[in-house]
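Chemist: Take this structure, written in structure tokens, and hold onto it; I'll ask about it next.
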Amino acid sequence: MHSYAAALHRTIMAVDVAGYNDPGRTLVHLREVHEGLWAVLKGTFAETGIPWDVCFVENTGDGAMILLPPEIAKADLVAQLPERMHAELRRYDAVHSEGARMQLRLALHAGEVQQGSHGSVGKAVSFTFRLLDAPEAKIAQKVTGAELALLASDTFYHDVVVEDPAAAPADYRRISVSVKETTTVAWLRLLGASPLGRSPVRAKDDFPALVGAMMAVPCIRGAESRRLLLEMFPRREIADQVPYQSQDRLHVISLARTCLRFEDGLACLLEVVRTLDPESPEVRWFAEVVERWPGTAAR
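Heads up: the sequence shown is residues 1 to 299, going by full-length UniProt numbering.
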């Protein structure tokens, strides 16, 4: 019969490399990325003043799970670590080729964790990895090109981030998370997002880019919020002609095609979107796509 140590309340960090298994990466790229990830993590901890050897670290293949000891203050961690990690990541990317560059996702949570004979055990650990897989965070990072996507659990955000102005709580936004059996909310902060205009959108022939930008906006992508959006549409002659499709992407395509048939149709759509979601990076990106579209004068 095994005797295990008692569970301890730990700060949990889960990190992975976005697009680690991208088909464009060769084995040489993967090796560089793997080594680079650990260099970034160790450099981040050194710069933050957290001794690496006091943490429990597990290699997850395309990322890592790190348990911090209870004596490491959560407030100090969240106030310093994101910027330190972003700086280390930028240093790494600056000297590596396209295929070996990294975008990282980092999830923060806290909870009871027990050490088993083959690793860490606890619902809090599994929950942290669910946050890391949040589709909305992945889309936001892909659309904006953010170098680091930081996710905080709802409790971690309210108990730690909000309480310290140095943690930049206003830079986070609330997102929905639905992964496997987990349905919850989290708070997303994007660091190193591309300035608007850095990746110009081609003119009239880039309909897929328009659809992609629309699908990235939560109030367009979600069926219920899209229904509300159409109800609020200022021009009924546009909204009433959007053919209904049961699949979200097909319905969004119908919405895009209908808006393009009318003068300033995209500008009207953007106006409603900004009413529902005025600040998110995805909306700013969608606004750029609209403003670059031929013949569109965004409102």
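Quick reminder that beta carbons are idealized off the backbone N, C-alpha and C, glycines included.
Compare the C-alpha of T11 against each of L188, R101, V78 and M215 and name the closest.
Modeler: Ranking the options by Cα distance to T11, first place goes to V78.
Chemist: Can you tell me whether P218 is buried or exposed, with buried defined as 16 or more other CB within 10 angstroms of its CB?
Modeler: Buried: at least 16 other Cβ atoms inside 10 Å.
Chemist: With which residues is residue 313 paired in a DSSP beta bridge?
Modeler: A question about residue 313 goes unanswered here, because the residues of the chain that appear run from 1 up to 299.
Chemist: To the nearest angstrom, how far is it from the Cα of L188 to the Cα of R292?
Modeler: Those two C-alpha atoms are separated by around 27 Å.
Chemist: Measure the alpha-carbon distance for L191 versus H86 and round it to whole angstroms.
Modeler: For L191 and H86, the distance between alpha carbons rounds to 7 Å.
Chemist: Nearest to Y172 by CA position, among M102, Y157, R221 and A39, is which residue?
Modeler: The shortest C-alpha separation from Y172 is found at Y157.
Chemist: So the candidates are P234, R31, T155 and G212; which of them puts its Cα closest to the Cα of H109?
Modeler: For H109, the nearest C-alpha among the options comes from T155.
Chemist: At what residues does the beta strand (DSSP E) containing M13 begin and finish?
Modeler: Unbroken beta strand (DSSP E) run through M13: L8 to V17.
Chemist: Shortest alpha-carbon distance to Q141 belongs to which of P294, A75, V289 and E282?
Modeler: When each option's Cα is compared against that of Q141, the closest is E282.
Chemist: Helix, strand or coil for K204? Go by DSSP, reduced to three states.
Modeler: With a pLDDT of only 47 at K204, under the threshold of 50, the placement of this residue in the model should not be trusted; the figure read from the coordinates follows. Reduced to three states, the DSSP call for K204 is coil.
Chemist: Are the CB atoms of T44 and R84 within a distance shorter than 7 Å?
Modeler: Contact: yes.
Chemist: Is P234 buried or exposed, if buried means 16 or more other CB atoms sit within 10 Å of its CB?
Modeler: Exposed, since its Cβ has fewer than 16 Cβ neighbours within 10 Å.
Chemist: Roughly how many whole angstroms lie between the Cα atoms of V179 and R226?
Modeler: V179 and R226: Cα-Cα distance of roughly 21 Å.
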